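Mapped onto this note's numbering, the consecutive letters of the sequence shown carry residue numbers 10 to 231.
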Amino acid sequence: MPKPSRKRQAVSRSAPSRSTRKANPPKVSKPSPKLDPSVAADRTLIDRCLAGDVAAWSLLYRQTHDSLLATIRNFLGRAGQDRNLVEEIAARVWYALVKNDFELLAKFDVRRGCRLSTFLSVLAKSETRMLFRSERRRRSREQLVSRPELDSELSIAPNGLVSDEDFLGTLSPAEKTFYLDVLVAPSKERQSAQQAYSSENVWQLNYRVRKKLERFILDASP
């Protein structure tokens, strides 16, 4: 009986069986998920901003700022009635986006499928938490250095000890304005003047004036 040729043997070995063909069907690549057109439009707008397009920045601000303020107000709850606080947190969000050569804004990822407004909302909540933590630390430091006698001296009339020209000379222009318009002003005038300051600025200026007042009193003591 004639033996099969080497060529026929090679073909028979390399040819897959019918069962093998059925067990290993050809792989079909899955189509990539369709990108939301609104998310793609957000990314396009961001790319224009990163390229230095001033008109794109104006458009981005108009499209997102109002919703950003609404998010901050909702997150703050009762504190959201403080317009200065809301605006300050919004300013922190915008600064976070542009600092370090727009590093954070450039990280907006369309693959996550979220809108730019959602991205800003998450950032606003993070900035709010950091601000509140900073406020709590500042209050703790202020409580440590405050004295009961300083509270009464801060509330005396302008012709008292703390209105002395020597003490006013130790204050910076911003501290002096805050001291005269807020700390020692009549209650009605004080309330209207304090609206020009954010909560953070009030705590900051109050702390700085207290520290300088404490040093002034100690230096003036016999």
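Built from N, CA and C at the ideal position, the CB exists for glycine as well. These numbers come from a predicted model, not from an experiment.
Note the first and the last residue of the continuous alpha helix (DSSP H) segment covering L189.
-> In the sequence shown, the residue the question calls residue 189 occupies position 180. From DSSP, L189 is part of no alpha helix (DSSP H); its letter is neither H nor E.
Length of the line joining the Cα atoms of Y188 and S181 = In the sequence shown, the residue the question calls residue 188 occupies position 179. In the sequence shown, the residue the question calls residue 181 occupies position 172. Cα-Cα distance, rounded: 10 Å.
Report yes if the C-beta distance between T137 and L85 is below 9 Å; otherwise report no.
-> The sequence position of residue 137 within the sequence shown is 128, counting from 1. The sequence position of residue 85 within the sequence shown is 76, counting from 1. For T137 and L85, yes; Cβs fall inside 9 Å.
Output the distance between the C-alpha atoms of N93 and D175, rounded to the nearest integer angstrom.
-> Locating residue 93 in the sequence shown gives position 84, counting from the first residue. Locating residue 175 in the sequence shown gives position 166, counting from the first residue. Approximately 33 Å, taken between the alpha carbons.
Of all the options N215, T53, N109, which has the alpha carbon lying nearest to the alpha carbon of E144?
-> As a working mapping, residue 144 is identified with position 135 in the sequence shown. The shortest C-alpha separation from E144 is found at N215.
So what does DSSP say about C123, is it helix, strand or coil?
-> For the purposes of this step, residue 123 is taken as the residue at position 114 of the sequence shown. Of the three classes helix, strand and coil, the one that applies to C123 here is coil, per DSSP.
Can you grab the Cα-Cα spacing for the pair A64 / R142, in whole Å?
-> The residue you call residue 64 lines up with position 55 of the sequence shown. The residue you call residue 142 lines up with position 133 of the sequence shown. Approximately 36 Å between the Cα atoms of the pair.
Limits of the unbroken alpha helix (DSSP H) element including F2 = The question about residue 2 has no answer, for the chain in this structure spans 10 to 231.
If you count every other CB in all the chains shown that lies within 10 Å of the CB of P40, and 16 or more means buried, which is it?
-> Position 31 of the sequence shown, counted from the start, is the residue given in the question as residue 40. At P40, the pLDDT of 45 sits below 50, so the modelled position is not reliable and the matter cannot be decided from this model.
Is the beta carbon of R101 sitting closer than 9 Å to the one on Q90?
-> The residue labelled residue 101 in the question sits at position 92 within the sequence shown. The residue labelled residue 90 in the question sits at position 81 within the sequence shown. Cβ distance not < 9 Å, so R101 and Q90 don't count as in contact.
Does DSSP put K220 in a helix, in a strand, or in coil?
-> Taking the sequence shown and counting its residues from 1, the one referred to as residue 220 is at position 211. K220 falls in the helix class under three-state DSSP.
Please list, in chain order, all residues of the same chain as L177 whose beta carbon is under 7 Å from its beta carbon, the five residues on each side excluded.
-> For the purposes of this step, residue 177 is taken as residue 168 along the sequence shown, with counting starting at 1. Closer than 7 Å at Cβ, skipping near neighbours: K185.
First and last residue of the alpha helix (DSSP H) that includes Q72?
-> As a working note, residue 72 is residue 63 in the sequence shown. From DSSP, the alpha helix (DSSP H) with Q72 extends over 63-85.
Helix or strand or just coil, what does DSSP make of L129?
-> Along the sequence shown, one-based indexing puts residue 129 at 120. If DSSP states are grouped into helix, strand and coil, L129 belongs with the helices.
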